[in-house]
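*Asks:* Chains as they are written, first to last, in the numbering used here: chain A, -7 to 95; chain B, 60 to 296. By construction, the Cβ of each residue, glycine as well, lies at the ideal position given by its N, Cα and C atoms.
1. Under 8 Å, Cβ to Cβ, is there at least one residue of chain A near residue 111 of chain B?
2. Starting from the C-beta of residue 15 of chain B, find all residues in its chain whose C-beta is less than 6 Å away, skip the five residues before and the five after it, and write them out in chain order.
3. Check whether chain B comes within 8 Å of residue 30 of chain A, counting only Cβ atoms and requiring the distance to be less than that.
4. Strictly under 8 Å for the Cβ-Cβ distance: is residue 63 of chain A near chain B by that measure?
5. So that I know if they touch, is there some Cβ in chain B lying closer than 8 Å to that of residue 1 of chain A?
6. By the 9 Å beta-carbon criterion, what residues does the stretch 93 to 105 of chain B contribute toward chain A?
7. Tell me whether the stretch 71 to 84 of chain B and the stretch 105 to 119 of chain B touch, counting them as touching only if at least three CB pairs, one residue from each stretch, are closer than 8 Å.
8. So what's residue 78 of chain A in DSSP terms, helix, strand or just coil?
9. Does residue 121 of chain B come within less than 8 Å of chain A when only Cβ atoms are used?
10. What residues match up with residue 122 of chain B in a beta bridge as DSSP calls it?
11. In the DSSP assignment, find the beta strand (DSSP E) that holds residue 182 of chain B and state where it starts and stops.
12. What would DSSP say about residue 132 of chain B, mapped onto helix, strand or coil?
13. Starting from the Cα of residue 1 of chain A, find the closest Cα among A:27, A:65, A:69, A:53 and give me that residue.
14. If you draw a straight line from the C-alpha of residue 219 of chain B to the C-alpha of residue 257 of chain B, how long is it?
15. Determine, using beta-carbon pairs with one atom in the stretch 104 to 116 of chain B and one in the stretch 61 to 80 of chain B, whether at least three such pairs fall under 8 Å.
16. In this structure, does DSSP put residue 26 of chain A in helix, strand or coil?
17. Considering residue 63 of chain A, what are the terminal residues of the beta strand (DSSP E) in which it resides?
18. What residues of chain B sit near residue 50 of chain A, judged by a beta carbon separation below 7 Å?
19. Please list the partners that residue 279 of chain B has in chain A, where partner means a Cβ-to-Cβ separation under 9 Å.
20. Going along chain A, which residues have a C-beta under 8 Å from residue 88 of chain B?
21. Between residue 180 of chain B and chain A, is any beta-carbon pair separated by less than 8 Å?
22. If the cut is a Cβ gap below 9 Å, which residues of chain B does residue 54 of chain A touch?
23. What in chain B is Cβ-close to residue 36 of chain A, meaning under 7 Å?
24. Pairing CB atoms from the stretch 149 to 168 of chain B with CB atoms from the stretch 226 to 237 of chain B, are three or more of them under 8 Å?
25. May I have the straight-line CA-CA distance separating residue 78 of chain A from residue 288 of chain B, to the nearest angstrom?
26. What residues from chain B crowd round residue 59 of chain A, counting only those whose CB sits closer than 9 Å?
27. Would you tell me roughly how many angstroms separate the C-alpha atoms of residue 73 of chain B and residue 11 of chain A, rounded to the nearest one?
28. Which residue's Cα is closest to the Cα of residue 18 of chain A: A:70, A:80, A:75, A:65?
29. Using beta-carbon positions only, say whether residue 191 of chain B and residue 276 of chain B come within less than 8 Å of one another.
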């Protein structure tokens, strides 16, 4: 019975951003820039979400040849349910940060 | 020209950080380091690339921390409950050996009354802290109480056993303590060894139930505090 694992403001931001366009595949760097999160904050969150089956991942070829493939992400059905419940439970104090991210 | 050289140096450092992270990450997390590497090409500017690559260290550290958590959770419950007491006992054993054998004092205990009072308060706070930490991790109030009691019993028990061993191994040093010498002189017992052992056995028998009760009480207070601060059971994602 651990503490709520996915209730940090940063995780909520990530969930909100992914939930805003649930069918689209999102790039890590784009998420980082849009949310203002450093890679050191964003990626451990993505790892945890993926480990819990909330995040689907896919490799895509880079646009320019010779560049490494890119990893993309979108919420699974379970991830969408998690996002819905977490964002619904977001306290009013956190709401301004979520505005525009599907919350 | 100089700026480009700096950029290249930062870029090289970024690639080294990612390579190091790839070698030290858990195999299951290696793709995430590759994911960072794939995005690195999108980041403009050497310093920004290095900052981006530092995310690899976060993945390594967070997975290590998860590993430690898994190891901790895989330990048998009695060992996890006793862990705080074992840590406390280890510190007390060192302190006892230090104060009796290595740097013995030849003053009466009454000279250190204030120090003992502070020591007891620290002990009680530690018992409470064990309950707090257990409750904060989501365990029940009963587990917080049990952990507080176990912390006290194991910690104090280790200290008392150390006293018994030290008193018998270093009897001549121990009997130089004014309180011990005075007590023995007025005890009517034939030998100093009988005197210290009688005191230790009596102390053990009376102190252990008291330690259990006080530890349980402190664990309860710590657990209640944790719940008061909002650390409650939660459904996992």
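*Replies:* Judging by the given coordinates:
1. yes
2. Since the first and last residues shown for chain B are 60 and 296, residue 15 of chain B lies out of range.
3. yes
4. yes
5. no
6. Residues passing the 9 Å Cβ filter: 93, 94, 95, 96, 97, 98, 99, 100, 101, 102.
7. yes
8. In the three-state reduction of the DSSP assignment, residue 78 of chain A falls in the helix class.
9. yes
10. Residue 122 of chain B is not bridged to any residue.
11. No beta strand (DSSP E) contains residue 182 of chain B, which is instead part of the alpha helix (DSSP H) from 172 to 195.
12. helix
13. A:27
14. As the crow flies, the alpha-carbon of residue 219 of chain B is around 13 Å from that of residue 257 of chain B.
15. yes
16. helix
17. 62 to 67
18. The contacting residues do not exist; residue 50 of chain A stays about 11 Å from chain B at best.
19. Correct list: empty, because the minimum Cβ distance to chain A is about 18 Å.
20. Residues of chain A with a Cβ closer than 8 Å to the Cβ of residue 88 of chain B are, in chain order, 39.
21. So, not an interface residue.
22. 97, 100
23. 117, 118, 121
24. yes
25. 20 Å
26. Going along chain B in sequence order, the residues near residue 59 of chain A (Cβ under 9 Å) are 97, 100.
27. 31 Å
28. A:65
29. no
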